[in-house]
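Okay, so the sequence shown: first residue is 344 according to the working numbering, each after it adds one.
Glycine included, each C-beta is placed from N, C-alpha and C at the ideal position.
Just so it is clear, the structure is predicted and the values come from calculations on it, not from any experiment.
Since the structure comes first, as structure tokens, the remarks are kept for the end.
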Amino acid sequence: MGGEKRRSACPYQTWTIYFFWGSAAGLSTASTGSLAEEEENLPQVRRDDIPREAPGLPSCCRRHVPGRLPALGPYPVPRNRVSSWDRSTPEGPHLPDDELGLCTFPNFLRLWTNGIPPRRDLSLVIRNEKFDGVPVRIYSSRTVPAMKRKAVLYFHGGAGIFGSIGKATGTIPSQARTGDATVVAVGYGLGPENPYPNQYIECLKAAVYLMKHGEDYGVDSSRIIISGDSCGANFATRICQLLVDRRDLPKVHAQALIYPGLQALNLSLPSYQQNCRSPFLWSKLVTYFCCRYLNKSTSFANDLLKGSHVPKASRVKYRKWVNADSIPERFKVRGYTEQDHSLSNFNPQLHEEMKELLSENISPLLAEDAVVCKLPQTFLLTCEYDVLRDDGLLYMKRLMDNGVPVTWSHVENGMHAIMRGTSLFHLIPKTQRIWWLRLVLPLGKTA
Numbered sequence: 344m345g346g347e348k349r350r351s352a353c354p355y356q357t358w359t360i361y362f363f364w365g366s367a368a369g370l371s372t373a374s375t376g377s378l379a380e381e382e383e384n385l386p387q388v389r390r391d392d393i394p395r396e397a398p399g400l401p402s403c404c405r406r407h408v409p410g411r412l413p414a415l416g417p418y419p420v421p422r423n424r425v426s427s428w429d430r431s432t433p434e435g436p437h438l439p440d441d442e443l444g445l446c447t448f449p450n451f452l453r454l455w456t457n458g459i460p461p462r463r464d465l466s467l468v469i470r471n472e473k474f475d476g477v478p479v480r481i482y483s484s485r486t487v488p489a490m491k492r493k494a495v496l497y498f499h500g501g502a503g504i505f506g507s508i509g510k511a512t513g514t515i516p517s518q519a520r521t522g523d524a525t526v527v528a529v530g531y532g533l534g535p536e537n538p539y540p541n542q543y544i545e546c547l548k549a550a551v552y553l554m555k556h557g558e559d560y561g562v563d564s565s566r567i568i569i570s571g572d573s574c575g576a577n578f579a580t581r582i583c584q585l586l587v588d589r590r591d592l593p594k595v596h597a598q599a600l601i602y603p604g605l606q607a608l609n610l611s612l613p614s615y616q617q618n619c620r621s622p623f624l625w626s627k628l629v630t631y632f633c634c635r636y637l638n639k640s641t642s643f644a645n646d647l648l649k650g651s652h653v654p655k656a657s658r659v660k661y662r663k664w665v666n667a668d669s670i671p672e673r674f675k676v677r678g679y680t681e682q683d684h685s686l687s688n689f690n691p692q693l694h695e696e697m698k699e700l701l702s703e704n705i706s707p708l709l710a711e712d713a714v715v716c717k718l719p720q721t722f723l724l725t726c727e728y729d730v731l732r733d734d735g736l737l738y739m740k741r742l743m744d745n746g747v748p749v750t751w752s753h754v755e756n757g758m759h760a761i762m763r764g765t766s767l768f769h770l771i772p773k774t775q776r777i778w779w780l781r782l783v784l785p786l787g788k789t790a
């Protein structure tokens, strides 16, 4: 009973949606017995009733949608049935590419994430600039402050292959409007057109430029916060590490990491097992993105999940930092089976192709203590139903073990990308909402 209650707490278990059209297709498959009756009682819509502007459902794909779909609304997915996400997540990414022949998956994601333009905010001044050749978008309040502002340098997520400064996050403007801070969103180049490692190098160039020239933009260079979500949080983490010994620059005031992905050494941690089919980011999609980011064959994805790219020496060396024993027991109650990696089939060829995954540029969780102990105060947000949850937990432990002040917030009913749009963000209870304003308050304390 306890396990059932815990599962139903996840918000996506109560959504019957066609946000991902693959999941809608999964709900239409045949059922038997009482389950069929239960589903028959749900309000139904015909294919022709689906609006052309339905989120994630291009009009050219409507003929691929089943004739009968459960209506959009707060109707729970039957508990004794495999979740629709279980059907959509394995094959969903390949639908526009392999089945429909419309475009590549990265281009599909770009269309999906950038298709709705952000609302104009007349209370803000928005400027497009270039920092050392890197496109940035600067958000600042029209109110002229009495002193120089703080600044939040923000790197958007998207696995390095999609996302943009125009859709960095639905809540970025509120930081500039209410936080007496200037927000600088970085438009780093996307792969595969802009191949690795150019993404994080461009983020580093933008950070160095802002720290050197902050005064030109009304920014106090001693109060710059480096932030990002998902892959952007990975960039923020690594850049803060690279800057700790730069004596020609002011110190970074703080880092703010929103559901960061920080390592590719162990992809069988509890959060990977528990959330292997969670919405928006599931375990196989992580390895798919890794392949795309490094411009390698996506056929490696399954073997990466098995850990075949990790030699025994690396597992032994980094076990002290990356292992399930360092994760609190309360994060294992939804299920966890310890994996015996000694039995994993190490593939030297795969390791050679994907060895960059074990570098500190992609896995900053593996940085040495001599670097971690010098990092600035940190704000870290994790979500319970996020495959990357344990990366954040492990990094928090490393920071605290090295004496770095950490403000941590865990969203119990949150999932990956919860802060990418205010429509999802408002589903979090008020007591658990972590407004982006937190990023511009003094960190190290709970506001």
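- Could you spell out where the beta strand (DSSP E) holding Pro478 opens and where it closes? 477-484
- Taking DSSP as the reference, what is the three-state secondary structure of Tyr728? strand
- Should Lys639 be labelled buried (16 or more other beta-carbon atoms within 10 Å of its own) or exposed? buried
- Query: How about Ser669 and Leu736: do their beta carbons lie closer than 9 Å?
  - Reply: yes
- Item | Minimum C-alpha distance to Met697 - residue among Gly746, His753, Pro671, His652 | His652
- Spatial distance of Val526 from Ala549 (CA atoms): 13 Å
- Query: What residue from Leu701, Tyr679, Ile567, Ser507 has the CA that sits closest to Gly791's CA?
  - Reply: Outside the displayed span of the chain (344 to 790) sits residue 791, for which this structure offers no information.
- Task: Taking 9 Å as the cut-off, decide whether the C-beta atoms of Thr725 and Ser752 are in contact.
- Result: yes
- I think Ile481 touches Tyr602, with their Cβ atoms under 8 Å apart; what is that distance to the nearest whole Å? About 25 Å; that fails the 8 Å criterion.
- So, does the CB of Ile601 fall closer than 9 Å to a CB anywhere in chain C? Here there is only one protein chain, and chain C is not present.
- Item | Cα-Cα separation, Phe451 to Ala607 | 25 Å
- Message: Using 8 Å for Cβ pairs, my map puts Tyr636 next to Gly503. What's the rounded Cβ distance?
- Response: 5 Å
- Based on Cα-Cα distance, which residue from Met758, Val747, Cys634 lies nearest to Gln584? Val747
- Query: Anyone know if the C-beta pair for Val479 and Ala519 falls short of 9 Å?
  - Reply: no
- Query: CB-CB under 6 Å to Arg470, same chain, minus the five flanking residues each way: which ones, in chain order?
  - Reply: Ile481
- Ordered along the chain, which non-local residues of its own chain (more than five positions away) have a Cβ less than 7 Å from that of Ile567? Ala494, Leu496, Leu553, Met554, Gly557, Val595, His596
- Using the C-alpha atoms, what's the distance from Val551 back to Gly476? 12 Å
- Since Gly500 contacts Asp572 with CB under 8 Å, what's their CB separation in whole angstroms? 5 Å
- Query: Taking the C-alpha atoms as reference points, what is the distance between Phe689 and Arg463?
  - Reply: 52 Å
- Query: Where does Ala599 sit, in a helix, a strand or coil, going by DSSP?
  - Reply: strand
- My guess is that Pro719 and Gln598 are in contact by the Cβ rule of under 8 Å, so how many angstroms apart are they, rounded? 6 Å
- For Leu727 versus Asn745, is the C-beta spacing smaller than 9 Å? It is Glu, not Leu, that sits at residue 727 in the sequence shown. It is not a contact, given that the beta carbons lie outside the stated cut-off.
- Beta bridge counterpart(s) of Met758 as assigned by DSSP: Tyr728
- For Ala528, write down the residues that DSSP places opposite it in a beta bridge. Arg480, Tyr497
- Query: Helix or strand or just coil, what does DSSP make of Arg741?
  - Reply: helix
- Of the residues Val487, Arg485, Leu709, Leu465, which one's Cα is nearest the Cα of Asn577? Leu709
- Quick one: grab the DSSP three-state call for Val749. strand
- What's the call for Ser611, buried or exposed, on a 16-neighbour Cβ count within 10 Å? buried
- Item | CA-to-CA distance, Pro538 to Leu547, given in whole angstroms | 15 Å
- Message: Between which residues of its own chain and Tyr615 is the CB-CB distance below 7 Å, once the five residues before and five after are set aside?
- Response: Ser626, Val730
- Item | Burial state of Val676, where buried means 16 or more other Cβ atoms lie within 10 Å | exposed
- Message: Please classify Thr375 as buried or exposed, where buried requires at least 16 other C-beta atoms within 10 Å of its C-beta.
- Response: With a pLDDT of only 35 at Thr375, under 50, the local geometry of the prediction cannot be trusted, and no value is derived from it.
- Message: Taking the beta carbon of Ser565 as the centre, do at least 16 other beta carbons fall within 10 Å, making it buried, or is it exposed?
- Response: exposed
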